[in-house]
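Q: Residues in the sequence shown are numbered consecutively from 76, following my numbering. Just so you know, even glycine gets a beta-carbon here, dropped at the ideal spot from N, CA and C.
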Amino acid sequence: MSKIFISTYPFCRIDATPAKLLQGAGHEVVQNPYSRKLTPAEVVELALDCDGIVAGTEELLPLVQESRKLKIIARVGVGLDSVPLDLCKSKGIKVSYTPDAVTPAVAELTIGLMLDIFRKITKADKELRQKGWSRPYGRRIGTSVIGIIGFGRIGFAVAKILSSFRPTMILVHDLIDISDKISLIRNQEISILQVSKQDLLKQADVITLHVPKNSSSIGLISQFELSLMKESAYLINTSRGGIVDEVALFNALREKRISGAAIDVFEEEPYTGPLLDIENTVLTQHMGSCSDDCRADMEREACEDIVRFFARESLRSEVI
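1) Please report how far the alpha carbon of residue 143 lies from the alpha carbon of residue 358, in whole angstroms.
2) Return the CA-CA distance between residue 177 and residue 86, expressed in angstroms with no decimal places.
3) Look up residue 244 in the DSSP assignment and say whether it is helix, strand or coil.
4) From the DSSP output, which residues share a beta bridge with residue 332?
5) State the start and end residues of the unbroken alpha helix (DSSP H) segment that holds residue 193.
6) Rounded to whole angstroms, what's the CA-CA distance from residue 261 to residue 158? Just pull it up for me.
7) Curious, which full-length beta strand (DSSP E) runs of at least 3 residues does the region 297-351 contain?
8) Measure the alpha-carbon distance for residue 247 versus residue 173 and round it to whole angstroms.
9) Mind checking whether residue 184 and residue 363 have CB atoms under 9 Å apart?
10) Is the separation between the beta-carbon of residue 312 and that of residue 335 shorter than 9 Å?
11) What separation, rounded to the nearest whole angstrom, lies between the Cα atoms of residue 377 and residue 299?
12) In or out: residue 242 buried (at least 16 other Cβ within 10 Å) or exposed?
13) Where does residue 123 sit, in a helix, a strand or coil, going by DSSP?
14) Cβ atoms of residue 196 and residue 236: under 9 Å apart, would you say?
15) Residue 346: buried (16+ other C-beta within 10 angstroms of its C-beta) or exposed?
16) Going by other Cβ atoms of all chains shown within 10 Å of its Cβ, with 16 needed for buried, is residue 152 buried or exposed?
17) Can you have a look at residue 386 and say buried or exposed, based on whether 16 or more other CB atoms are within 10 angstroms of its CB?
18) What runs of the beta strand (DSSP E), each 3 residues or longer, lie entirely inside the region 225-285?
19) Give the straight-line distance between the Cα atoms of residue 200 and residue 192, rounded to the nearest whole angstrom.
20) Can you name, in chain order, every residue of its own chain whose Cβ lies under 7 Å from the Cβ of residue 182, other than the five neighbours on each side?
21) Around the C-beta of residue 379, are 16 or more other C-beta atoms found within 10 angstroms, so that it is buried, or is it exposed?
22) I need the DSSP call for residue 149, collapsed to helix, strand or coil.
23) For the alpha helix (DSSP H) that residue 139 lies in, which residues bound it at each end?
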């Protein structure tokens, strides 16, 4: 019998199936006892004697460094910046993730944030609660140029949803040729073009980020990139904290060099930084995947890969 630690929280809040899958396969299941995100030291303390871990966004480097038993990490979610992949590979530790389950939830939140900042929904709500009634005017997606940086699963899903709004144009930037994917969405009424990052930054009315966090994407949007954006433009980040330079963003917003931002992810979470004092922002709590159905699917898929691994079957979504 293998011992599996569930570091992610919450777990089985909606559906007990994931835990039952592990237990039904004969594994001992140990859950996060603190009902919150664990520190790296807590992960080591709780999982050092475990054979597998079902992980959230907890930093796993110390555990992987110290563990002599760990055989598999099943990541509940899509981001892998908290997993030391090179070290796992050198130690023969398998890693899997759940990229498909999270896609619709993150894409829908992105569209929701876009509507919010364009139509000033949060601003109107706050104002009304203070007995104000200015009826703020905004703009429509259908009259805007949309910029998407990163055209993987989530960026592609965002573009598909956006196409029904019939924006003026969708500009896409990715490091690889994505003409085949663009052709799946393009029609006679919607123009979708792959362009350079600089051209996208200069032309888009709103820019939404959908890139993984790695050494090449940290600080992807910094002072220089923000300086290229139109004063009327907005920035959305539902990917990972650290991709946007938060100090540069704060300065750009404070000086009104861009119109606003909607940020779901931060360098340090929970976030307590200066963006909280900027009026023209919508800030959410790293909740892109927080839909009941997607969360349940992510947990189930991660646990299925744990079961598959110890049954010597191929993993559903193997990373290494």
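A: The relevant details are as follows:
1) Locating residue 143 in the sequence shown gives position 68, counting from the first residue. Locating residue 358 in the sequence shown gives position 283, counting from the first residue. Rounded to whole angstroms, residue 143 to residue 358 spans 40 Å at the Cα level.
2) As a working mapping, residue 177 is identified with position 102 in the sequence shown. As a working mapping, residue 86 is identified with position 11 in the sequence shown. The straight-line gap from Cα to Cα measures roughly 15 Å.
3) Reading the sequence shown from its first residue, position 169 is the one you call residue 244. Residue state, collapsed to three classes: strand.
4) Walking along the sequence shown from the start, residue 332 turns up at place 257. Paired residue(s): none; residue 332 is not in a bridge.
5) To locate residue 193, count along the sequence shown from 1; it is residue 118. Start and end: 174-194.
6) Start at 1 with the first residue of the sequence shown, and residue 261 comes out as number 186. Start at 1 with the first residue of the sequence shown, and residue 158 comes out as number 83. Between residue 261 and residue 158, the C-alpha separation is close to 36 Å.
7) Counting only runs of 3 or more, we get 309-312, 335-338.
8) Locating residue 247 in the sequence shown gives position 172, counting from the first residue. Locating residue 173 in the sequence shown gives position 98, counting from the first residue. Using only the alpha carbons, I get a separation of about 24 Å.
9) What you label residue 184 is simply residue 109 of the sequence shown in a count that begins at 1. What you label residue 363 is simply residue 288 of the sequence shown in a count that begins at 1. The answer is yes: Cβ separation under 9 Å.
10) By one-based count along the sequence shown, residue 312 stands at place 237. By one-based count along the sequence shown, residue 335 stands at place 260. Between residue 312 and residue 335, the C-beta spacing is not below 9 Å.
11) As a position in the sequence shown, residue 377 is number 302, starting the count at 1. As a position in the sequence shown, residue 299 is number 224, starting the count at 1. Between the C-alpha atoms of residue 377 and residue 299 there is a straight-line separation of about 39 Å.
12) Position 167 of the sequence shown, counted from the first residue, corresponds to residue 242. Classification for residue 242: buried.
13) Here residue 123 refers to the residue found at position 48 of the sequence shown. Three-state DSSP puts residue 123 in coil, outside helix and strand.
14) By one-based count along the sequence shown, residue 236 stands at place 161. By one-based count along the sequence shown, residue 196 stands at place 121. Contact check for residue 236 against residue 196 fails: the beta carbons are separated by 9 Å or more.
15) Locating residue 346 in the sequence shown gives position 271, where the first residue counts as 1. The residue is buried, with at least 16 neighbouring Cβ atoms inside 10 Å.
16) Taking the first residue of the sequence shown as 1, we reach residue 152 at position 77. Of the other Cβ atoms in all chains shown, 16 or more fall within 10 Å of the Cβ of residue 152; this residue is therefore buried.
17) Along the sequence shown, one-based indexing puts residue 386 at 311. It counts as exposed.
18) If only complete runs of 3 or more residues are kept, the region 225-285 shows the beta strand (DSSP E) at 244-248, 267-269, 281-284, in order along the chain.
19) What you label residue 200 is simply residue 125 of the sequence shown in a count that begins at 1. What you label residue 192 is simply residue 117 of the sequence shown in a count that begins at 1. Whole-angstrom Cα-Cα distance: 12 Å.
20) By 1-based counting over the sequence shown, the position of residue 182 is 107. 229, 232, 233, 236.
21) Taking the first residue of the sequence shown as position 1, residue 379 is located at position 304. Residue burial is scored here from C-beta neighbours: residue 379 has at least 16 other C-beta atoms within 10 angstroms and is therefore classed as buried.
22) Residue mapping note: residue 149 aligns to position 74 of the sequence shown, counting from 1. DSSP, read as helix, strand or coil, puts residue 149 in strand.
23) Counted from its first residue, the sequence shown places residue 139 at position 64. In the DSSP annotation of this structure, the continuous segment of the alpha helix (DSSP H) that includes residue 139 starts and ends at 136-141.
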